[in-house]
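Heads up: the sequence lines are chains A and B, in that order. Each residue of the first sequence is one higher than the one before, starting from 1 at the first, in the numbering used here. Each residue of the second sequence is one higher than the one before, starting from 116 at the first, in the numbering used here. Heads up: the structure comes next, in structure tokens.
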Amino acid sequence: DTEVTQTPKHLVMGMTNKKSLKCEQHMGHRAMYWYKQKAKKPPELMFVYSYEKLSINESVPSRFSPECPNSSLLNLHLHALQPEDSALYLCASSQDRTPNTGELFFGEGSRLTVL
Amino acid sequence: AQSVTQLDSHVSVSEGTPVLLRCNYSSSYSPSLFWYVQHPNKGLQLLLKYTSAATLVKGINGFEAEFKKSETSFHLTKPSAHMSDAAEYFCVVGRFMDTGRRALTFGSGTRLQVQP
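Here's what the structure looks like:
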């Protein structure tokens, strides 16, 4: 069982909708991440939060808006998405604030379909 | 700059035979290297990691990998494949983005198929 919980597991939305993906971890990790994974492709980093502050934004379009309300929660707000944004969105966390050395713990993902 | 290349997009083995998944990396400094596994419709799970300690790293489920600096390789092996090993495997290198900012770079993945 994963210790990183993502909700919802599946989401279908229209291009004019506003929705949010949620991620929660209770391992005391202080770094949290959003990755996007297209079918048959590796995950691509979107955002990194370290100590609840945004430390990395991989030039993600503004229709994706991350939020870290506290050290256990990470949200990804979605607005005016495009069909090409359909993908598996993975949340991860790590204890180490230097992510290149620390193990990442992944959730099972939220599969997003944009119609 | 750091990068990672998985040499095989697809590997098929018979149950009970050895597994070899190949990974080469490029790094301008001593890297951190990882292997992750992803079963269908699941998140990623860490199999093992190398962080400049022992060059032979043992992981979960009988997997191990050897860091070879001279060959810039970090191949994943298992002596005997099990049906439950069928999954996508990612080789990952820790990388610097700029001063003080670091992240992981994923290889393109290798799909392991295990035949009965």
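Just so it is clear, CB atoms sit at the ideal spot from N, CA and C, and this is done for glycine as well.
Rounded to a whole number of angstroms, what is the C-alpha to C-alpha distance between residue i and residue j?
i, j, result
"H154 of chain B", "Y140 of chain B", "24 Å"
"F182 of chain B", "N156 of chain B", "30 Å"
"V126 of chain B", "F205 of chain B", "13 Å"
"P83 of chain A", "T16 of chain A", "11 Å"
"K193 of chain B", "S143 of chain B", "29 Å"
"E203 of chain B", "Y35 of chain A", "17 Å"
"S59 of chain A", "E67 of chain A", "16 Å"
"C138 of chain B", "N57 of chain A", "27 Å"
"F106 of chain A", "T166 of chain B", "20 Å"
Considering Cα atoms alone, identify which of the options is closest to residue i.
i, options, result
"L81 of chain A", "A:A39, A:P42, A:L11 and A:E67", "A:L11"
"F221 of chain B", "B:S147, B:P133 and B:P231", "B:S147"
Are the beta-carbon atoms of residue i and residue j separated by less than 7 Å?
i, j, result
"V178 of chain B", "L159 of chain B", "The sequence shown places Phe at residue 178 of chain B, rather than the Val named in the question. No, they are not a contact pair."
"A196 of chain B", "Q228 of chain B", "no"
"K173 of chain B", "F149 of chain B", "no"
"S223 of chain B", "Q121 of chain B", "yes"
"V114 of chain A", "M46 of chain A", "no"
"K38 of chain A", "A87 of chain A", "yes"
"G109 of chain A", "L90 of chain A", "yes"
Kindly say whether residue i, judged by its beta-carbon, lies nearer than 7 Å to any beta-carbon of chain B.
i, result
"F47 of chain A", "no"
"P42 of chain A", "yes"
"E52 of chain A", "no"
So, is the C-beta of residue i closer than 7 Å to a C-beta in chain A?
i, result
"L122 of chain B", "no"
"L135 of chain B", "no"
"L227 of chain B", "no"
"S223 of chain B", "yes"
"K193 of chain B", "no"
"K157 of chain B", "yes"
So for residue i, helix, strand or coil by DSSP?
i, result
"N176 of chain B", "helix"
"S50 of chain A", "strand"
"S199 of chain B", "helix"
"P43 of chain A", "coil"
"P83 of chain A", "helix"
When you measure from the CB of residue i to every non-hydrogen atom of the ligand ATP, does any distance come out below 6 Å?
i, result
"S72 of chain A", "Although the ligand ATP was asked about, the structure shown includes no ligands whatsoever."
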